[in-house]
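Line by line, the protein sequences are chains A and B.
Terminal number for the first sequence in the numbering used here: 477, no gaps in between.
Terminal number for the second sequence in the numbering used here: 592, no gaps in between.
Quick reminder that beta carbons are idealized off the backbone N, C-alpha and C, glycines included.
One structure is given below, encoded as structure tokens.
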Amino acid sequence: MFTPHTPQEIDEMLKVIGVDKIEDLFQSVPEKRRFPKLDIPAALTEMEVAAELNEIASANASTDDFISFLGAGAYDHYIPAAVDMLLRRGEFYTAYTPYQPEISQGTLQSIFEFQSLMTELTGMDVSNASHYDGATAAAEAANMAYHIFRGKRKKVLVSRAVNPQYRETIRAYMQGQEDVLVIGDEEESSFAEDTQKLIDKIDQDTAVVIVQYPDFFGRIIDYTKLVNIAHEFGALVTFIFNPTALGLLKPPGAFDADIAVGDGQPLGIPLSYGGPYLGIFTTKEKYIRKLAGRLVGETVDEKGNRAFVLTLTAREQHIRREKSTSNICSNQGLMALAATIYLSLLGKNGFKQVANLCYQKAHYAAEQIANLEGYDLAFKDTPFFHEFVIKTSKPVDQINLHLQNHWILGGYDLSQAYPELDHHILIAVTEKISKEDIDDFVAALEEVAHD
Amino acid sequence: MTEATIYELSQPGRRGFKFPQLDVPLSAVPEEFAREEIHLPELSEQDVIRHFTNLSQLNYAIDSGFYPLGSCTMKYNPKINEVLARLPGFANTHPLQPIVSVQGNLYLMYQLQQWLQEISGFHRVSLSPAAGAHGEFVGALIIKKYHQVNQDTKRVKILIPDSAHGTNPATSSMSGFEVIALPSDARGNVDLEALKAECDDTLAGLMLTNPNTLGLFEENVVEVIQLVHNAGGLVYGDGANLNALLGMMRPGDVGFDIMHFNLHKTFSTPHGGGGPGSGPVGVSKALAEFLPSPIVTIIEEGNDDIPPFFGFYYPEQSIGRMKAFYGHFGVHIRAYTYIAMQGPEGLRDIAEKAVLNANYLMTKVKQDYYLPYDRSCMHEFVVEGVWDEIPDVHALDICKRLMDYGFHPPTNYFPLIVHEALMIEPTETESKQTLDAFAKAMAAIAKEAREDPTLLTKAPYTTPIGRCDEVKAARDLVLCCYIPE
Chain A
27 MFTPHTPQEI DEMLKVIGVD KIEDLFQSVP EKRRFPKLDI PAALTEMEVA
77 AELNEIASAN ASTDDFISFL GAGAYDHYIP AAVDMLLRRG EFYTAYTPYQ
127 PEISQGTLQS IFEFQSLMTE LTGMDVSNAS HYDGATAAAE AANMAYHIFR
177 GKRKKVLVSR AVNPQYRETI RAYMQGQEDV LVIGDEEESS FAEDTQKLID
227 KIDQDTAVVI VQYPDFFGRI IDYTKLVNIA HEFGALVTFI FNPTALGLLK
277 PPGAFDADIA VGDGQPLGIP LSYGGPYLGI FTTKEKYIRK LAGRLVGETV
327 DEKGNRAFVL TLTAREQHIR REKSTSNICS NQGLMALAAT IYLSLLGKNG
377 FKQVANLCYQ KAHYAAEQIA NLEGYDLAFK DTPFFHEFVI KTSKPVDQIN
427 LHLQNHWILG GYDLSQAYPE LDHHILIAVT EKISKEDIDD FVAALEEVAH
477 D
Chain B
108 MTEATIYELS QPGRRGFKFP QLDVPLSAVP EEFAREEIHL PELSEQDVIR
158 HFTNLSQLNY AIDSGFYPLG SCTMKYNPKI NEVLARLPGF ANTHPLQPIV
208 SVQGNLYLMY QLQQWLQEIS GFHRVSLSPA AGAHGEFVGA LIIKKYHQVN
258 QDTKRVKILI PDSAHGTNPA TSSMSGFEVI ALPSDARGNV DLEALKAECD
308 DTLAGLMLTN PNTLGLFEEN VVEVIQLVHN AGGLVYGDGA NLNALLGMMR
358 PGDVGFDIMH FNLHKTFSTP HGGGGPGSGP VGVSKALAEF LPSPIVTIIE
408 EGNDDIPPFF GFYYPEQSIG RMKAFYGHFG VHIRAYTYIA MQGPEGLRDI
458 AEKAVLNANY LMTKVKQDYY LPYDRSCMHE FVVEGVWDEI PDVHALDICK
508 RLMDYGFHPP TNYFPLIVHE ALMIEPTETE SKQTLDAFAK AMAAIAKEAR
558 EDPTLLTKAP YTTPIGRCDE VKAARDLVLC CYIPE
């Protein structure tokens with residue numbers, strides 16, 4: 027479909043090559059296996075494929091149809107129109123990794139600006155050009171800690187209040203290093219004591235302690251003591267953060283975190299059924315040589331003009347091969363650009379405003395729901411950001427089913443990942459939700475409690 | 108030509124976006140957690156649009172010209188892919204929605220899994236890996252787990268040809284394997300004697316790129332795979348170069364056990380200036396239960412009136428979850444659209460034209476540049492970017508000079524087994540006219556190298572900036588904009 031060759035051109039080209047037909051160029055392919063018949067549908071035209079995909083998309087219900095209170099790692103924020111208009115520029119999205127700086131300054135400078143925004147957001151020293159998502163960034167943090175201690179410290183301690191999918195990903199990533207133990211998130215008693223229990227497990231063999239901020243339940247926990255004790259034992263601490271929360275809350279750097287990672291999806295990236303998202307990875311300057319992924323640095327060209335280049339590339343797989351910290355090559359370039367544009371557009375005031383809107387609306391919703399009979403705010407004494415946990419009298423799946431009938435996407439059923447949190451629902455509220463939406467939600471919840 | 112940074116353009120008090128006013132009563136933010144200041148730039152919407160538009164114009168891209176970057180398959184990215192991936196019914200679905208409300212997404216992913224299986228000859232495909240290297244990691248962990256489950260734990264080494272991408276050895280060590288490099292023979296194939304010498308009971312597997320990074324089809328592929336299998340190892344196929352094999356050969360049919368696809372190479376999804384990619388992994392029947400979870404499956408078969416009901420499946424011996432959610436769904440939509448528009452004939456046409464273009468260009472370019480492995484190539488070829496009689500001119504200089512002729516340079520200094528390598532992959536979407544113009548530029552540069560070498564060593568002259576001081580970048584390490592306090 028997208029091959030421009032005319033029959034006459036094909037003949038001319040074959041003549042230059044010195045073969046009779048195109049098939050002759052495939053002689054080295056084992057004859058028995060050459061030219062298999064593929065059982066896939068006949069080609070569609072653009073008009074036909076557009077119709078087909080529209081039909082497939084219409085078999086979904088989206089957040090355009092639902093009022094959504096679902097978060098748990100992906101958040102329905104408003105994306106300003108300018109973000110996507112710029113992402114659609116072919117000069118950005120049809121370029122490759124900027125290996126040739128003379129003709130890639132657009133990509134290089136925007137990554138440099140992304141790095142700047144991420145270090146400012148997190149209060150950390152350095153940011154790389156991105157990882158696949160928040161989960162793989164968290165896993166790479168464990169991997170980097172393992173390399174910083176040259177494999178001598180065997181424990182990766184993970185809080186049970188870290189996103190369950192992130193914990194699974196950390197385990198999957200570390201399984202190649204058979205002597206590493208990923209522990210600390212075993213089911214024990216109440217989550218109120220989770221931080222202290224994790225602190226008690228820190229020892230000389232701990233490479234890194236991984237916590238989430240706000241945690242998976244939306245709670246804002248003071249990790250000062252945990253960081254101090256980890257550092258006393260010489261261990262590193264990784265914060266998994268939500269970027270929107272950092273418009274309002276003290277950043278990981280202010281807690282002296284060694285590594286701060288997060289998913290940048292809330293920064294102008296559509297939900298898109300789970301991807302592509304954006305893994306943010308920041309750390310202290312002293313760990314830069316163990317940092318995985320690409321880094322852009324400022325320099326000058328031969329005329330003395332400011333210029334940007336990929337730098338410290340000797341850390342990376344294409345040079346260091348089996349000795350590199352990670353194998354990462356392609357990352358999330360275009361998603362990092364989306365976050366850079368989003369933050370540039372919102373700026374200091376807009377970003378603080380969106381964080382505050384999320385916080386305030388979530389608190390209004392939590393208060394209204396907690397006032398209902400049959401619903402209690404769990405973790406009452408712990409502050410939260412834009413997600414909170416409600417203990418329900420009815421089973422969560424029954425509640426969510428009822429809400430769907432009102433075109434409301436309910437919260438995340440915590441019993442899926444936490445057997446001890448049966449009848450607990452995790453609710454997220456973003457700036458897209460109005461007071462009226464919350465009031466409708468509360469009314470529907472009241473209805474189902476009395477069913 | 109340079110552009111100020113967003114921080115330099117910032118003016119205190121300027122705004123680019125406003126949210127609606129708060130419509131609920133105010134709650135206090137706990138003081139001990141409240142952030143004092145956040146130094147983000149302050150720009151108007153127009154400032155932002157101009158800044159990033161100006162930046163974009165400093166880039167070279169497929170949409171602006173020929174991009175023959177070897178092993179990267181920089182083919183045309185059809186525009187309909189972009190439009191359809193943004194349909195609100197796809198883009199605004201939350202990954203944790205009830206599956207009944209996302210049957211469209213699951214149908215599309217299921218169908219794409221089926222098509223990739225059919226195209227590659229593998230038994231089952233997982234769409235979850237986020238990029239090629241991520242797919243390799245999945246593959247290496249599957250090899251590891253397979254031997255573990257068989258209690259065959261002395262298998263610690265992975266063989267990797269010396270022509271392989273750097274991700275292969277990096278992946279193997281990340282997965283806890285010992286890496287052994289295999290030499291290539293005079294025809295650019297795996298050296299069979301060297302391979303035989305490593306085929307013992309410590310062999311976990313072989314990672315093989317076919318066509319390899321020289322652009323050559325591995326002529327002994329069946330025998331190579333047989334040798335590894337006989338020794339009890341598994342064979343991983345690096346699918347980076349699958350473009351040449353579409354409708355030509357199915358890697359699963361010749362015995363590969365595992366392979367990743369690069370949807371952002373073979374299936375036309377854009378590279379995005381370094382991602383997002385997508386690296387689905389296919390495996391043989393024996394390895395299906397090791398795939399990363401979850402995988403889309405039919406939960407209830409349909410009939411004439413009711414479509415099947417799709418959901419997720421968690422393989423029993425899975426290596427686990429390799430990322431949050433289900434992979435790069437937005438990229439899956441683009442690849443689905445592309446395959447749907449090709450059909451079986453279109454797919455074969457891609458491979459035919461990619462190989463035709465590469466051989467045509469190789470025939471022309473080798474008149475002036477040394478071609479170390481002189482045989483019919485597949486989708487790409489590698490020449491030396493250096494001449495004995497002109498020692499001052501290097502592959503890098505040729506690359507920089509090509510920019511002045513309006514072309515993106517080829518991949519350079521890779522593969523490592525070719526001296527001063529220039530790795531050229533034209534792809535199937537380029538016309539004869541473009542290839543002729545590129546060949547002409549290569550010939551002109553070869554002539555310039557002989558007549559006036561400094562013309563090359565000081566190139567480029569027409570680009571937004573000149574050659575950069577990379578030593579200074581690494582020594583002074585400025586990784587962030589100056590941010591005024």
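Through-space distance from residue j to residue i, alpha-carbon basis
i: A/Lys-417; j: A/Leu-383; result: 24 Å
i: B/Thr-376; j: B/His-435; result: 11 Å
i: B/Phe-416; j: B/Gln-204; result: 15 Å
i: A/Ile-247; j: A/Thr-408; result: 7 Å
i: B/Met-448; j: B/Pro-185; result: 10 Å
i: B/Tyr-467; j: B/Ile-524; result: 23 Å
i: B/Met-485; j: B/Leu-315; result: 16 Å
i: B/Ser-233; j: B/Leu-162; result: 37 Å
i: A/Val-45; j: B/Asp-543; result: 19 Å
i: B/Ile-145; j: B/Ala-546; result: 53 Å
Cβ neighbours of residue i in the same chain (closer than 8 Å, five flanking residues each side left out)
i: B/Leu-116; result: Pro-148, Leu-150, Asp-154 and His-158
i: B/Thr-569; result: Met-510 and Asp-511
i: B/Leu-563; result: Val-500, Asp-504, Ile-505, Lys-507, Arg-508, Ile-552, Glu-555 and Ala-556
i: A/Phe-175; result: Ala-233
i: B/Val-329; result: Val-361 and Gly-362
Same chain, Cβ closer than 6 Å to residue i, five either side skipped, listed in chain order
i: B/Glu-491; result: Tyr-477, His-526 and Glu-527
i: B/Ile-332; result: Val-342 and Gly-362
i: B/Lys-261; result: Thr-309
i: B/Pro-517; result: Pro-175, Gly-177, Leu-529, Met-530 and Ile-531
i: B/Leu-71; result: Outside the shown range of chain B, which is 108 to 592, sits residue 71 of chain B, and nothing can be said about it.
Residue burial classification, residue i (beta-carbon count within 10 angstroms, cutoff 16)
i: A/Thr-250; result: exposed
i: B/Lys-539; result: buried
i: B/Pro-358; result: buried
i: A/Phe-259; result: exposed
i: B/Ala-293; result: exposed
i: A/Val-474; result: buried
i: B/Gly-312; result: buried
i: A/Lys-178; result: exposed
i: B/Ala-465; result: buried
i: B/Lys-473; result: exposed
Interface partners of residue i on chain A, CB under 7 Å
i: B/Asp-475; result: Ordered by position in chain A, no residue passes the 7 Å Cβ test against B/Asp-475, which lies about 15 Å from the chain.
i: B/Asn-199; result: Ser-88, Thr-89, Asp-90, Pro-296 and Leu-297
Contact set between residue i and chain B, taken where Cβ atoms lie within less than 8 Å
i: A/Tyr-390; result: Val-131, Pro-132 and Ser-134
i: A/Thr-195; result: Gly-427, Arg-428, Met-429, Lys-430 and Ala-431
i: A/Arg-332; result: Thr-109
Sequence-distant residues of the same chain with beta carbon closer than 7 Å to residue i, five excluded per side
i: B/Ala-502; result: Gly-492, Val-493, Asn-519, Tyr-520, Glu-527, Ala-528 and Leu-529
i: A/Glu-220; result: According to the sequence as given, residue 220 of chain A is Asp; it is not Glu. Excluding residues within five positions, the ones whose Cβ falls inside 7 Å are Ser-185, Arg-186 and Ala-187.
Proximal chain B residues relative to residue i, where beta-carbon distance stays under 7 Å
i: A/His-344; result: Gly-273
i: A/Tyr-118; result: Note on identity: in this sequence residue 118 of chain A is Phe, with Tyr being the wrong assignment. Under the 7 Å cutoff, chain B gives Ser-163, Asn-166 and Gly-380.
8 Å Cβ cut-off: residues of chain A touching residue i
i: B/Ile-156; result: Ala-108, Met-111 and Leu-112
Beta carbon proximity, residue i to chain C, threshold 9 Å
i: A/Thr-418; result: Within the model displayed, chain C is absent; protein chains A and B are what it includes.
Take every Cβ of the stretch 285-292 of chain B, pair it with every Cβ of the stretch 255-268 of chain B, and state whether three or more of those distances are shorter than 8 Å. With a cut-off of 8 Å, the stretch 255-268 of chain B and the stretch 285-292 of chain B count as touching, because enough Cβ pairs lie within range.
Is the stretch 361-374 of chain B in contact with the stretch 389-402 of chain B, if contact means three or more CB pairs nearer than 8 Å? Touching, yes, given that three or more Cβ pairs across the two stretches are closer than 8 Å.
Please determine if the stretch 139-147 of chain A and the stretch 188-195 of chain B are in contact, where contact requires at least 3 C-beta pairs separated by less than 8 Å. No: fewer than three Cβ pairs fall under 8 Å.
Contact between the stretch 436-453 of chain B and the stretch 303-312 of chain A: three or more CB pairs below 8 Å? Below 8 Å, too few C-beta pairs join the stretch 436-453 of chain B and the stretch 303-312 of chain A to call them touching: fewer than three.
Between the stretch 228-237 of chain A and the stretch 160-168 of chain A, do three or more beta carbon pairs fall short of 8 Å? Two segments are said to touch when three or more pairs of C-beta atoms, one from each, lie closer than 8 Å; by this definition the stretch 228-237 of chain A touches the stretch 160-168 of chain A.
Under 8 Å: do the stretch 128-148 of chain B and the stretch 451-458 of chain A share three or more Cβ pairs, one atom per stretch? Touching, no.
Taking 8 Å as the cut-off, does the stretch 194-202 of chain A touch the stretch 220-234 of chain A (at least 3 CB pairs, one atom from each stretch)? These segments do not touch.
Quick check: the stretch 463-471 of chain A against the stretch 345-365 of chain A, are at least 3 beta-carbon pairs closer than 8 Å? Too few Cβ pairs lie closer than 8 Å, so no.
Are at least three pairs of beta-carbons, each pair with one atom in the stretch 93-113 of chain A and one in the stretch 437-446 of chain A, less than 8 Å apart? Taking 8 Å as the limit for Cβ pairs, the verdict is that the stretch 437-446 of chain A does touch the stretch 93-113 of chain A.
Can you find at least 3 beta carbon pairs, one from the stretch 351-358 of chain A and one from the stretch 234-248 of chain B, that sit closer than 8 Å? The stretch 351-358 of chain A makes contact with the stretch 234-248 of chain B: 3 or more CB pairs, one atom from each, lie closer than 8 Å.
Whether or not the stretch 573-588 of chain B and the stretch 308-327 of chain A are in contact is what I'm after, with contact meaning three or more pairs of Cβ atoms, one per stretch, closer than 8 Å; do they touch? Result yes; three or more Cβ-Cβ pairs closer than 8 Å.
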